[in-house]
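Q: Sharing a structure with you now.
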Amino acid sequence: TETVLFVAMTRDNAVWRLPLMKDGSVSKVGRFCSTFGASGPDGLAMDKAGRLFMAHASLGHVFVFAPNGELIARIKSCAGASCTNVAIGGPNRDRLYVTESATGTVLVADIGVLDSSLRGA
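Note that our numbering numbers the sequence shown so that position 37 is 600, with each residue one more than the last.
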């Protein structure tokens, strides 16, 4: 069962954390992280280890957070500066797919290693 919902608040330049109660209601909404830039977080995905991947729409990066909220990695786009969405896939769910809207590219990174760079798909 999911116990927390993360929401990318692009115009607020933040990701909000919403704890979910058993009845489906929300309790103690809070800011998970704040970012900077002309635009903010856009797409989010979580892997099987509980790491949160955040595509940033104006910084050209995907930021990776540990389950405790610590920023543990940054994956830089090799295409443009507008990473708008992320999805986890591959046979072992160890690939991160990133849409980069400035160039219309889909990028892929091996998330089995955190120092991975993005490359064209």
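We put the beta carbon where it would ideally sit given N, CA and C, even for glycine.
Keep in mind it's a predicted model, so treat the numbers as computed, not measured.
(1) Sort Thr573, Phe569, Ala618, Glu565 by Cα distance to alanine 636 and report the nearest one.
(2) Using only the alpha-carbon positions, how far apart do aspartate 605 and serine 590 sit?
(3) Which residue's Cα is closest to the Cα of phenylalanine 599: Arg580, Asp610, Gly623?
(4) When you compare the CB positions of threonine 647 and threonine 662, do they come within less than 7 Å of one another, or not?
(5) Can you give the beta carbon distance from valine 671 to arginine 658, rounded, assuming they're within the 8 Å contact cut?
(6) With distance defined between alpha-carbon atoms, name the residue in Val625, Gly603, Gly643 nearest to tyrosine 660.
A: Considering the structure as presented:
(1) Taking the first residue of the sequence shown as position 1, residue 636 is located at position 73. With distances taken between Cα atoms, alanine 636 lies closest to Ala618.
(2) Here the question's residue 605 lines up with position 42 in the sequence shown. Here the question's residue 590 lines up with position 27 in the sequence shown. Between aspartate 605 and serine 590, the C-alpha separation is close to 23 Å.
(3) Within the sequence shown, numbered from 1, the residue matching residue 599 stands at position 36. Selection Arg580, Asp610, Gly623 evaluated against phenylalanine 599 yields Gly623 as nearest (Cα-Cα).
(4) By one-based count along the sequence shown, residue 647 stands at place 84. By one-based count along the sequence shown, residue 662 stands at place 99. Going by C-beta atoms, threonine 647 is nearer than 7 Å to threonine 662.
(5) In the sequence shown, residue 671 corresponds to position 108, counting from 1. In the sequence shown, residue 658 corresponds to position 95, counting from 1. Confirmed, Cβ separation roughly 6 Å.
(6) Residue numbering aside, residue 660 sits at position 97 when the sequence shown is read from its first letter. Selected option, being the one with the closest Cα: Val625.
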